């Protein structure tokens, strides 16, 4: 369904700003270095939460809030229709689209989650890399979350030593 009037998409981070901007290339970006030349006459906007107050004087017909489990930003504009998207809503949703249905529809691909259990004996990263080596035929791709950039670098080096191709990504990765 096509919106009648101006549309705003609110996202919490610059990573999501760029992702949504790729999907909606004609939308005006707001935040993260795009605040100097805002075209307030644009039909659509993608704005980082911290900069959405710059649009408080614009009237919107539809606002889509991504990661809506976070509070709405200060001085958030109003709209005749508000849509809140979150995987962790604390209220009963108007609409649910579960992962199983998304896999069935071909929107997502099926995957398995492996949760390794390690002990405090020895190097935990080496233990995880060894587990990946021992069960390599069960994994096509592996995504590992680390608690810091330096930990991600260390884990990358560890799995490289075990013969895997590996790289790390963080908020500064283009």
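In my numbering, the protein residues as written are 189 to 362.
Note that the Cβ used here is the ideal one computed from N, Cα and C, for glycine as well.
Here the structure is a predicted model, which means the values were calculated and not measured.
Please state if the CB of residue 221 and the CB of residue 238 are separated by a distance shorter than 8 Å. no
Express the C-alpha separation of residue 234 and residue 322 in angstroms, rounding to a whole number. 45 Å
Could you tell me how far apart the beta carbons of residue 204 and residue 267 are, in whole angstroms, since I believe they sit closer than 8 Å? About 19 Å separates the two Cβ atoms, so there is no contact after all.
Buried/exposed call for residue 361, threshold 16 Cβ in 10 Å: exposed
Work out the CA separation of residue 297 and residue 192 for me, nearest whole Å. 33 Å
Per DSSP, what kind of secondary structure is residue 267 in: helix, strand or coil? strand
Among 240, 216 and 254, which one has its Cα closest to the Cα of residue 199? 254
For the beta strand (DSSP E) containing residue 234, list its first residue and its last residue. 232–236
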